[in-house]
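First comes the structure, then the notes that go with it.
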Amino acid sequence: MADNYLEKQMEQYEARKAAWERERKYGKKKKQSANRPQPKQTEESKQP
4 MADNYLEKQM EQYEARKAAW ERERKYGKKK KQSANRPQPK QTEESKQP
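Residues 4 to 51 in our numbering are what the sequence shown spells out, letter by letter.
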């Protein structure tokens, strides 16, 4: 049973390490919501 536990732990570590390496190599992906254009102001909202 100990071997199975250690194998699972090693697999999880290797998966996290691969994700870290991909993130370092390619950079984090930016969220789509941050790239939305700002709504344009109408004539009414421009006037004081």
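For every residue, glycine included, the Cβ atom is placed at its ideal position computed from N, Cα and C.
In whole angstroms, give me the CA-to-CA distance for residue i and residue j.
| i | j | result |
| --- | --- | --- |
| E10 | A22 | 18 Å |
| R25 | Y8 | 26 Å |
| Y29 | E14 | 22 Å |
| D6 | Y16 | 15 Å |
| R27 | Q12 | 22 Å |
| K31 | A18 | 17 Å |
Is residue i helix, strand or coil by DSSP?
| i | result |
| --- | --- |
| K31 | coil |
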